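Visitor:
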Amino acid sequence: MQPTSLLLLALSSVAAASCGVNYGTCSAESRCCESALFECVPRGSQHDKFVCEPTWGSTMHAQADHVGLWAQCGGKDFTGSRKCPPGSACVTVNEHYAQCQATATDAKHLPTYAQCGGRNNDFDAQGKVCRDEDTCFRFNAHFWQCLPRNLAFF
């Protein structure tokens, strides 16, 4: 085998072992993503493609003792958990349904779970920053989000 072939073979092995980009493709061999808040999951009709998607416990999903943001937290005959995640409150929509909704913030701060950075949609925070209880977590170059500091992932 020629030295050039060996070099290309070595480089392809290194590339195959690297982790996938968040919201992008990942390899079936490495099954890893650039962020610990993402997991490499099978997609496609034959489950032959793999994509880095947020894990169930990340972003707007529930912590162990909370329901998730935008989840039901009350209403007539509701028997589930009524505890909302940090930065949200249980808001009554009607007699039968209450929902965890993001709480309002002052003029200087972004609400929990709001986008706080990245190149997505020409994002501009207009000088606002995440609340003191939150941190601006970088998922990738395009999307950053205000997440509670007490999430288990930090």
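Following UniProt numbering, the numbering of the sequence shown begins with 1 at its first residue and continues without gaps.
Cβ coordinates follow ideal geometry from the N, Cα and C atoms, glycine included.
Note that the structure is predicted; figures quoted are calculated from it, not measured.
(1) For T112, report the span of its beta strand (DSSP E) as first-last.
(2) Measuring straight from C-alpha to C-alpha, what distance separates L147 and H96?
(3) DSSP on N94, reduced to helix/strand/coil?
(4) Rounded to whole angstroms, what is the Cα-Cα separation between A125 and G75?
(5) Determine the burial state of D134: buried for a count of at least 16 other Cβ atoms within 10 Å of its Cβ, exposed for fewer.
(6) Can you check which of these residues, F139, T103, D106 and T105, is closest to G117 by C-alpha distance?
(7) Tell me the rounded alpha-carbon separation between C90 and E29.
(8) Can you name the start and end residues of the beta strand (DSSP E) that T135 belongs to?
(9) Need the endpoints of the beta strand (DSSP E) that V67 sits in, please.
(10) Report back the beta-carbon spacing between L110 and C130 to the nearest angstrom; my notes put them in contact at under 8 Å.
(11) Roughly how many angstroms lie between the CA atoms of Q115 and Q145, to the nearest whole one?
(12) Going by alpha carbons, who is nearest to G68 out of R43, T92 and Q101?
(13) Where E53 and T105 are concerned, what is the direct C-alpha to C-alpha distance, given to the nearest angstrom?
(14) Taking the C-alpha atoms as reference points, what is the distance between S35 and G20?
(15) So the beta strand (DSSP E) V51 belongs to, where does it begin and stop?
(16) Buried or exposed: which applies to F50, given that a residue is buried once 16 or more other Cβ atoms fall within 10 Å of its Cβ?
Guide: Reading it off the structure:
(1) Along the sequence shown, one-based indexing puts residue 112 at 112. That residue, T112, is in no beta strand (DSSP E); it is neither H nor E in DSSP.
(2) For the purposes of this step, residue 147 is identified with residue 147 of the sequence shown, where counting begins at 1. For the purposes of this step, residue 96 is identified with residue 96 of the sequence shown, where counting begins at 1. For L147 and H96, the distance between alpha carbons rounds to 29 Å.
(3) Translated into the one-based positions of the sequence shown, residue 94 becomes position 94. Reduced to three states, the DSSP call for N94 is strand.
(4) Here residue 125 refers to the residue found at position 125 when the sequence shown is read from its first residue. Here residue 75 refers to the residue found at position 75 when the sequence shown is read from its first residue. Going by the C-alpha atoms only, they are around 35 Å apart.
(5) Here the question's residue 134 lines up with position 134 in the sequence shown. Flag for D134 reads buried.
(6) In the sequence shown, residue 117 corresponds to position 117, counting from 1. Distance check between G117 and each of F139, T103, D106 and T105 places F139 closest, using alpha-carbon atoms only.
(7) Within the sequence shown, numbered from 1, the residue matching residue 90 stands at position 90. Within the sequence shown, numbered from 1, the residue matching residue 29 stands at position 29. Rounded to the nearest angstrom, the gap between the Cα atoms of C90 and E29 is 42 Å.
(8) Here the question's residue 135 lines up with position 135 in the sequence shown. Here the beta strand (DSSP E) through T135 covers D134 to R138.
(9) The count along the sequence shown starts at 1 and reaches residue 67 at position 67. From DSSP, V67 is part of no beta strand (DSSP E); its letter is neither H nor E.
(10) Counting from one through the sequence shown, the residue named residue 110 turns up at place 110. Counting from one through the sequence shown, the residue named residue 130 turns up at place 130. Right, their Cβ atoms sit about 6 Å apart.
(11) The residue labelled residue 115 in the question sits at position 115 within the sequence shown. The residue labelled residue 145 in the question sits at position 145 within the sequence shown. Distance between the alpha carbons of Q115 and Q145 is about 4 Å.
(12) Residue 68 sits at position 68 when you count from the first residue of the sequence shown. Residue Q101 is the option with its Cα nearest to G68.
(13) For the purposes of this step, residue 53 is taken as the residue at position 53 of the sequence shown. For the purposes of this step, residue 105 is taken as the residue at position 105 of the sequence shown. Each residue's alpha carbon lies about 29 Å from the other.
(14) In the sequence shown, counting from the first residue as 1, residue 35 sits at position 35. In the sequence shown, counting from the first residue as 1, residue 20 sits at position 20. Their Cα atoms are separated by approximately 9 Å.
(15) Taking the sequence shown and counting its residues from 1, one reaches residue 51 at position 51. DSSP places V51 inside the beta strand (DSSP E), whose first and last residues are K49 to P54.
(16) Taking the sequence shown and counting its residues from 1, the one referred to as residue 50 is at position 50. By the neighbour-count rule (16 or more Cβ atoms within 10 Å), F50 is buried.
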